[in-house]
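Asks: Dropping a structure here in structure tokens format, bear with me for questions.
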Ligand SMILES: [Fe+2]
């Protein structure tokens, strides 16, 4: 059960609600965009189908869309349950995100998208559902076909960026140079939007003061995030969190 205290809820001037929830032992963060006027509920990377359904049902809401940053299993855990429970739901991701190598199956979930994006790396596409408008930006590097979503006061970063760090690049399908280009594009996007907008990481790994936060302002991220503040690829490549000794420790 999700209680009201588990959900960071904000209603924006345009009528769209943004809910942010942390799930599981890896600190996965989910975002929901809700437009009550058109009964549209968009879930990003749902971790628990059951918990999302019951939290939404208690307010007479039903999920209508799932959008996926990437297909690592901790970002897709709730999808099967939601697809079964809500047959009309649309499942969106990038066509490159289904990683084909059979030995990587423990890490990647194969998804049957009802709809998919196929735009090239480091480009954005506008996406609309009801009154919700998001930019889906193709940001590979941590994983193939990785996407970020921004609009309605937030940038949902998936595993492109955490509050202080960025996603790792040493898992199958990872690519340090592409990741750096994706981080550089994110820096540009964040710099051109209001400083008080919120960066929502894929996991709530620790912020500069040790707190595990579900979001930080763009201003704080641009000042303190070690990937965003790296001056060039060489400096970025030296960051110690891009590669871990234990491959399965965190993803
Ligand atoms: Fe990941």
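Numbering (the numbering used here), first residue to last: 190 to 440. Think of the CB as a built atom: it goes at the ideal place given N, C-alpha and C, for glycine as much as any other residue. Remember, predicted model here, so these are calculated numbers, not experimental data.
Could you give the DSSP three-state label for residue 407: helix, strand or coil?
Replies: As a first step, residue 407 is located in the chain shown; it is residue number 218 there, counting from the start. In this structure, residue 407 counts as helix in the three-state DSSP scheme.
Asks: Is residue 202 buried or exposed, if buried means 16 or more other CB atoms sit within 10 Å of its CB?
Replies: Residue numbering aside, residue 202 sits at position 13 when the chain shown is read from its first letter. So residue 202 counts as exposed.
Asks: Would you say the beta carbon of residue 263 is closer than 8 Å to some non-hydrogen atom of ligand 1?
Replies: Residue 263 sits at position 74 when you count from the first residue of the chain shown. It does: the Cβ of residue 263 is within 8 Å (strictly closer) of some heavy atom of ligand 1.
Asks: Let's test the definition: count the other Cβ atoms within 10 Å of the Cβ of residue 390 and tell me whether it reaches 16, buried, or not, exposed.
Replies: Position 201 of the chain shown, counted from the first residue, corresponds to residue 390. So residue 390 counts as buried.
Asks: For residue 415, verify whether its CB is less than 8 Å away from any heavy atom of ligand 1.
Replies: Position 226 of the chain shown holds residue 415. Residue 415: no, Cβ never under 8 Å from ligand 1.
Asks: Would the C-beta of residue 360 count as close to ligand 1, meaning under 8 Å from any of its heavy atoms?
Replies: As a first step, residue 360 is located in the chain shown; it is residue number 171 there, counting from the start. Yes, the Cβ of residue 360 comes within 8 Å of a heavy atom of ligand 1.
Asks: Quick check: what's the CA-CA separation for residue 214 versus residue 277?
Replies: The residue labelled residue 214 in the question sits at position 25 within the chain shown. The residue labelled residue 277 in the question sits at position 88 within the chain shown. Taking the straight line from one Cα to the other gives about 30 Å.
Asks: How would you label residue 437, buried or exposed, when you count the other beta carbons within 10 angstroms and need 16 or more for buried?
Replies: Walking along the chain shown from the start, residue 437 turns up at place 248. With a pLDDT of only 46 at residue 437, under 50, the local geometry of the prediction cannot be trusted, and the value read off the model is given with reservation. The residue is exposed, with fewer than 16 neighbouring Cβ atoms inside 10 Å.
Asks: For residue 350 versus residue 283, is the C-beta distance shorter than 9 Å?
Replies: Taking the first residue of the chain shown as position 1, residue 350 is located at position 161. Taking the first residue of the chain shown as position 1, residue 283 is located at position 94. Residue 350 places its beta carbon 9 Å or farther from that of residue 283.
Asks: In terms of residues, what are the limits of the beta strand (DSSP E) holding residue 216?
Replies: Counting from one through the chain shown, the residue named residue 216 turns up at place 27. From DSSP, residue 216 is part of no beta strand (DSSP E); its letter is neither H nor E.
Asks: Which whole runs of the beta strand (DSSP E) in the segment 273–340 are 3 residues long or more, in chain order?
Replies: Taking only runs of at least 3 residues, the beta strand (DSSP E) segments lying wholly in the segment 273–340 are 279–283, 304–306, 313–318, 321–327 and 336–340.
Asks: Using 8 Å for Cβ pairs, my map puts residue 353 next to residue 414. What's the rounded Cβ distance?
Replies: Counting from 1 along the chain shown, the entry for residue 353 is found at position 164. Counting from 1 along the chain shown, the entry for residue 414 is found at position 225. Confirmed, Cβ separation roughly 6 Å.
Asks: Please name the residue, chosen from 313, 232, 290 and 192, that lies closest to residue 361 on a Cα-to-Cα basis.
Replies: The count along the chain shown starts at 1 and reaches residue 361 at position 172. Of the listed residues, the one whose Cα sits closest to residue 361 is 290.
Asks: One question on the structure: do residue 378 and residue 339 come within less than 9 Å of each other, judged by their Cβ atoms?
Replies: Residue mapping note: residue 378 aligns to position 189 of the chain shown, counting from 1. Residue mapping note: residue 339 aligns to position 150 of the chain shown, counting from 1. Contact: yes.
Asks: Assuming contact is defined by CB atoms lying nearer than 9 Å, are residue 240 and residue 191 in contact in what I supplied?
Replies: By one-based count along the chain shown, residue 240 stands at place 51. By one-based count along the chain shown, residue 191 stands at place 2. Cβ atoms of residue 240 and residue 191: closer than 9 Å.
Asks: Using the three-state DSSP reduction, which class does residue 269 fall into: helix, strand or coil?
Replies: In the chain shown, residue 269 corresponds to position 80, counting from 1. Assignment of residue 269 by DSSP, reduced to helix, strand and coil, places it in the helix class.
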